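Residue numbers (my numbering), protein chains in the order written: chain A, 39 to 332; chain B, 527 to 890.
Where is the CB? At the ideal position from N, CA and C, for every residue including glycine.
Note that the structure is predicted; figures quoted are calculated from it, not measured.
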């Protein structure tokens with residue numbers, strides 16, 4: 039029983055972290071067709087923001103709840119600056135945008151390496167996350183449950199925001215048909231900026247969650263970007279539910295592969311799994327049916 | 527370029543003279559060896575230019591094919607050095623370990639050379655066929671290739687007994703019977719690399735002026751129209767992708783005797799992106815741009831990268847941003863730009879890339 043429960047629970051937590059990392063990516067990719075390779079570095083910025091908050095508010099019980107919105111805003115602002123300075127100039131060159139953001143990511147990584155100690159910084163976990171929960175005989179660390187709850191809260195907030203607010207409606211309209219949205223009086227430029235802010239901010243939130251599970255260093259973003267993108271690709275563009283299912287599936291698959299083989303081999307297998315899956319469904323899990331030829 | 531083929535051809539000739547006769551006379555052994563290393567990257571870059579510049583496929587994982595060639599060569603050289611015994615690094619972990627099965631055929635020089643050519647062709651063929659027939663393209667294709675590079679680097683890192691892991695394969699003494707320490711033999715290896723680079727340039731030059739080259743550009747700019755004209759864009763892309771993979775593999779294979787070591791760091795995501803950097807800098811769609819850009823970036827990497835590594839990373843990042851933002855066709859487009867400024871402007875033809883995007887949008 040343990041052999042089943044442990045990877046399942048660990049994998050779900052891992053999937054939740056992937057989901058947090060992929061949410062923002064899916065949002066910006068779905069809306070603007072832009073792959074932001076610096077998304078992983080925004081995640082890193084969120085984690086470092088959590089560290090900085092802890093330098094001010096030393097009580098770790100309080101600092102993490104404060105760090106979440108701070109990381110959202112800080113990472114979001116970085117994203118906003120990126121959109122305003124670079125991405126809007128490359129609106130019609132999505133592949134080139136990908137490469138430009140690779141450059142941005144390199145610079146952010148190097149900057150973080152020089153500002154913070156190269157071995158990384160410790161982010162203290164709040165005491166209320168120290169405990170364990172016994173699930174069918176398996177002692178499940180509470181911070182994994184916290185990651186899942188955080189991801190659930192973010193998904194709920196995001197989908198409610200997309201569904202019920204006027205901003206959300208405008209974003210959905212732009213995703214479905216940019217030109218028609220524009221002719222209906224929606225400023226797609228403003229919407230793009232807003233989407234980028236929110237998408238990058240979500241990366242910041244993911245960074246806080248990641249800092250509670252793994253280390254906080256300049257390289258941490260790089261290891262999330264590829265799995266996060268694979269999740270977006272496997273889930274289908276602009277599809278929240280696809281991203282959720284794909285993230286969970288990849289997380290659980292990773293955990294089971296790691297349980298059966300080794301951690302690094304698990305990554306290889308998960309990559310191959312996604313590539314094979316894209317053979318079967320190149321458009322991802324859920325797709326908006328269009329008459330598009332592509 | 528297609529109008530006056532002899533200009534490009536004499537350019538290649540000049541380049542050949544520079545690399546094959548002037549460089550060995552002028553440069554010290556150390557720098558000649560470095561130039562050989564840059565030439566390895568340049569060979570891979572010429573392939574990237576073909577796939578990305580002309581074919582529009584952003585290949586972000588050429589490290590995979592670079593690795594296939596490099597590790598095939600490195601395994602052969604390791605076995606040649608070890609002779610009848612099991613390679614040293616394997617004995618470290620288990621003195622009685624037998625040679626892994628997949629190493630055995632690489633004892634044969636013929637098999638190794640065939641593997642360097644056939645492995646990338648088969649792998650790229652299967653991968654490309656699967657992806658292009660399913661019409662996976664754009665960012666998906668780019669990230670999937672990059673994911674493969676990450677996966678392969680991780681795999682090699684974790685199989686320390688079979689592939690040497692992070693420390694890689696090194697300490698080669700012989701190169702197909704020649705002692706690698708001998709300066710004359712090192713010169714020979716350099717000349718082989720330089721000659722291979724020239725051959726690759728000739729191959730793409732022929733590609734670019736052929737009908738296939740036209741079709742490749744057409745596929746890049748308006749894939750749907752090519753399909754409606756009765757061609758299968760997947761096949762066109764497949765050929766370009768396989769050729770570029772083959773070139774990466776050749777570059778990787780020659781990298782091993784020149785540099786003397788191959789590690790996962792040389793083939794992973796960062797290394798694959800470095801290969802792109804040179805192509806972008808030089809000019810992705812031009813004939814010489816990718817090779818010259820790769821040599822320039824290789825030079826920066828080995829000089830600045832070792833003396834001022836922090837600064838080099840910033841420069842590399844800025845290079846991506848500035849070049850791609852303001853100079854999408856790289857440095858090789860600069861002369862044409864100045865010429866255009868000097869002369870009165872001819873009426874501009876409609877930009878096909880924009881038209882393709884518009885078509886894309888109409889459809890979605």
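(1) Just checking: is the beta-carbon of residue 124(A) within a distance shorter than 9 angstroms of some beta-carbon in chain B?
(2) Taking just the CA atoms, how far does residue 854(B) sit from residue 202(A)?
(3) Over the uninterrupted alpha helix (DSSP H) stretch that includes residue 823(B), give me the two end residues.
(4) Determine the extent of the alpha helix (DSSP H) in which residue 99(A) is found, giving its start and end residues.
(5) Could you check what DSSP says for residue 559(B) in three-state terms: helix, strand or coil?
(6) Whose C-beta lies closer than 6 angstroms to the C-beta of residue 91(A) among residues of the same chain, with five residues either side of it excluded?
(7) Cβ of residue 648(B) less than 9 angstroms from any chain A Cβ?
(8) Taking C-beta pairs closer than 8 angstroms, name the residues in chain A that residue 839(B) reaches, listed in chain order.
(9) Check whether the region 608–625 of chain B touches the region 675–694 of chain B, counting contact only when three or more Cβ pairs, one atom from each stretch, lie closer than 8 angstroms.
(10) Name, going along the chain, the residues of the region 257–288 of chain A whose beta-carbon falls closer than 7 angstroms to a beta-carbon of chain B.
(11) Could you spell out where the alpha helix (DSSP H) holding residue 550(B) opens and where it closes?
(12) Does residue 175(A) come within less than 9 angstroms of chain B when only Cβ atoms are used?
(13) Less than 9 angstroms separating the beta-carbons of residue 181(A) and residue 250(A)?
(14) By how many angstroms is the C-alpha of residue 310(A) removed from the C-alpha of residue 638(B)?
(15) Per DSSP, what kind of secondary structure is residue 619(B) in: helix, strand or coil?
(16) Show which residues of chain B have a CB atom less than 9 angstroms away from the CB atom of residue 300(A).
(17) Quick test of your reading: residue 292(A) and residue 284(A), contact by CB under 8 angstroms. State the CB separation rounded to the nearest angstrom.
(18) Report the three-state DSSP secondary structure of residue 757(B) (helix, strand or coil).
(19) Does any CB atom of chain A fall closer than 9 angstroms to the CB of residue 836(B)?
(20) So residue 171(A) is in the beta strand (DSSP E); what residue range does that whole segment cover?
(21) Is the beta carbon of residue 259(A) less than 9 angstroms from the beta carbon of residue 51(A)?
(22) What residues in its chain sit with their C-beta under 8 angstroms from that of residue 287(A), if we drop five residues either side in the sequence?
(23) Indicate whether at least one CB of chain A lies closer than 9 angstroms to the CB of residue 543(B).
(24) In terms of alpha-carbon separation, which member of 282(A), 256(A), 169(A) lies closest to residue 191(A)?
(25) So is residue 865(B) buried or exposed if we call it buried at 16+ other beta carbons inside 10 Å?
(26) Any beta carbon of chain B sitting closer than 9 angstroms to that of residue 331(A)?
(27) Could you pull out every residue in the same chain whose Cβ sits closer than 7 angstroms to the Cβ of residue 134(A), ignoring the five residues on either side in sequence?
(28) Quick one: is residue 798(B) buried, meaning 16 or more other Cβ sit within 10 Å of its Cβ, or exposed?
(29) From residue 323(A) to residue 316(A), what does the alpha carbon distance come to, in whole angstroms?
(30) With a threshold of 7 angstroms on Cβ separation, who are the neighbours of residue 668(B) within its own chain once the five nearest residues in sequence on each side are excluded?
(31) Considering only their Cβ atoms, is the gap separating residue 113(A) from residue 252(A) smaller than 9 angstroms?
(32) Quickly, what does DSSP pair residue 695(B) with across the bridge? List them, please.
(33) By how many angstroms is the C-alpha of residue 132(A) removed from the C-alpha of residue 829(B)?
(34) Mind pulling the chain B residues with CB within less than 7 angstroms of residue 52(A)?
(35) Buried or exposed: residue 834(B), going by 16 or more other Cβ atoms within 10 Å of its Cβ?
(36) Which of helix, strand or coil does DSSP assign to residue 129(A)?
A quick look at the data gives this:
(1) Position 86 of the first chain holds residue 124(A). Using a CB distance cut-off of 9 angstroms, residue 124(A) counts as an interface residue toward chain B.
(2) Along the first chain, one-based indexing puts residue 202(A) at 164. Along the second chain, one-based indexing puts residue 854(B) at 328. CA-CA distance, residue 202(A) to residue 854(B), rounds to 41 angstroms.
(3) Taking the second chain and counting its residues from 1, the one referred to as residue 823(B) is at position 297. For residue 823(B), the enclosing alpha helix (DSSP H) has its first and last residue at 815–833.
(4) Stepping through the first chain from its first residue, residue 99(A) is reached at position 61. From DSSP, the alpha helix (DSSP H) with residue 99(A) extends over 98–123.
(5) Reading the second chain from its first residue, position 33 is the one you call residue 559(B). Secondary structure at residue 559(B): helix, using DSSP grouped into helix, strand and coil.
(6) Here residue 91(A) refers to the residue found at position 53 of the first chain. 101, 104, 105, 108, listed in sequence order.
(7) By one-based count along the second chain, residue 648(B) stands at place 122. Residue 648(B) does not count as touching chain A.
(8) Taking the second chain and counting its residues from 1, one reaches residue 839(B) at position 313. Going along chain A in sequence order, the residues near residue 839(B) (Cβ under 8 angstroms) are 144, 145, 147, 148.
(9) With the cut-off at 8 angstroms, the region 608–625 of chain B and the region 675–694 of chain B touch.
(10) The residues in question are 264, 267, 268, 271.
(11) Translated into positions along the second chain, residue 550(B) becomes position 24. Looking at the DSSP string, the run of the alpha helix (DSSP H) that includes residue 550(B) is 549–552.
(12) Indexing the first chain from 1 puts residue 175(A) at position 137. It does not; no Cβ of chain B falls within 9 angstroms.
(13) As a working mapping, residue 181(A) is identified with position 143 in the first chain. As a working mapping, residue 250(A) is identified with position 212 in the first chain. Going by beta carbons, residue 181(A) and residue 250(A) fall inside the 9 angstroms limit.
(14) The sequence position of residue 638(B) within the second chain is 112, counting from 1. The sequence position of residue 310(A) within the first chain is 272, counting from 1. Straight-line measurement puts the Cα of residue 310(A) at about 26 angstroms from the Cα of residue 638(B).
(15) For the purposes of this step, residue 619(B) is identified with residue 93 of the second chain, where counting begins at 1. DSSP, read as helix, strand or coil, puts residue 619(B) in helix.
(16) Within the first chain, residue 300(A) is the residue found at index 262, counting from 1. Within 9 angstroms Cβ-Cβ: 684.
(17) Here the question's residue 292(A) lines up with position 254 in the first chain. Here the question's residue 284(A) lines up with position 246 in the first chain. Residue 292(A) to residue 284(A), Cβ: 12 angstroms. No contact.
(18) Start at 1 with the first residue of the second chain, and residue 757(B) comes out as number 231. Looking at residue 757(B) - three-state DSSP - the assignment turns out to be coil, as it is neither helix nor strand.
(19) The count along the second chain starts at 1 and reaches residue 836(B) at position 310. Yes, contact with chain A.
(20) Reading the first chain from its first residue, position 133 is the one you call residue 171(A). 170–173 is the span of the beta strand (DSSP E), which, as asked, contains residue 171(A).
(21) The residue you call residue 259(A) lines up with position 221 of the first chain. The residue you call residue 51(A) lines up with position 13 of the first chain. Cβ distance not < 9 angstroms, so residue 259(A) and residue 51(A) don't count as in contact.
(22) Here residue 287(A) is taken as the residue at index 249 of the first chain, counted from 1. Once the five neighbours on either side are set aside, the close Cβ partners of residue 287(A) are 53, 272.
(23) Residue 543(B) sits at position 17 when you count from the first residue of the second chain. Nearest CB-CB separation between residue 543(B) and chain A: not below the 9 angstroms threshold.
(24) As a working note, residue 191(A) is residue 153 in the first chain. Nearest of 282(A), 256(A), 169(A) to residue 191(A), Cα basis: 282(A).
(25) Residue numbering aside, residue 865(B) sits at position 339 when the second chain is read from its first letter. Its Cβ having fewer than 16 others within 10 Å, residue 865(B) is exposed.
(26) Counted from its first residue, the first chain places residue 331(A) at position 293. Bear in mind that the predicted position of residue 331(A) carries a pLDDT of just 44, short of 50, making it unreliable; the figure below should be weighed with that in mind. Yes, because at least one Cβ of chain B sits closer than 9 angstroms to the Cβ of residue 331(A).
(27) Taking the first residue of the first chain as 1, we reach residue 134(A) at position 96. Counting only Cβ-Cβ distances below 7 angstroms, and skipping sequence neighbours, we find 128.
(28) For the purposes of this step, residue 798(B) is identified with residue 272 of the second chain, where counting begins at 1. By the neighbour-count definition (other C-beta atoms within 10 Å, threshold 16), residue 798(B) is a buried residue.
(29) Numbered from 1 along the first chain, position 285 holds the residue referred to as residue 323(A). Numbered from 1 along the first chain, position 278 holds the residue referred to as residue 316(A). Here the alpha carbons of residue 316(A) and residue 323(A) stand approximately 9 angstroms from one another.
(30) Looking up residue 668(B) in the second chain gives position 142. Closer than 7 angstroms at Cβ, skipping near neighbours: 584, 586.
(31) As a position in the first chain, residue 252(A) is number 214, starting the count at 1. As a position in the first chain, residue 113(A) is number 75, starting the count at 1. Against a cut-off of 9 angstroms, the Cβ pair of residue 113(A) and residue 252(A) comes out as no contact.
(32) As a first step, residue 695(B) is located in the second chain; it is residue number 169 there, counting from the start. Its beta-bridge partners are 788(B).
(33) Sequence index remark: in the second chain, residue 829(B) carries index 303 (1-based). Sequence index remark: in the first chain, residue 132(A) carries index 94 (1-based). The C-alpha of residue 132(A) is placed about 33 angstroms away from the C-alpha of residue 829(B).
(34) As a position in the first chain, residue 52(A) is number 14, starting the count at 1. Taking the beta carbon of residue 52(A) as reference, no residue of chain B falls within 7 angstroms; the closest one sits roughly 16 angstroms away.
(35) Residue mapping note: residue 834(B) aligns to position 308 of the second chain, counting from 1. Label assigned to residue 834(B): exposed.
(36) The residue labelled residue 129(A) in the question sits at position 91 within the first chain. Assigned with DSSP and collapsed to three states, residue 129(A) falls in coil, not helix or strand.
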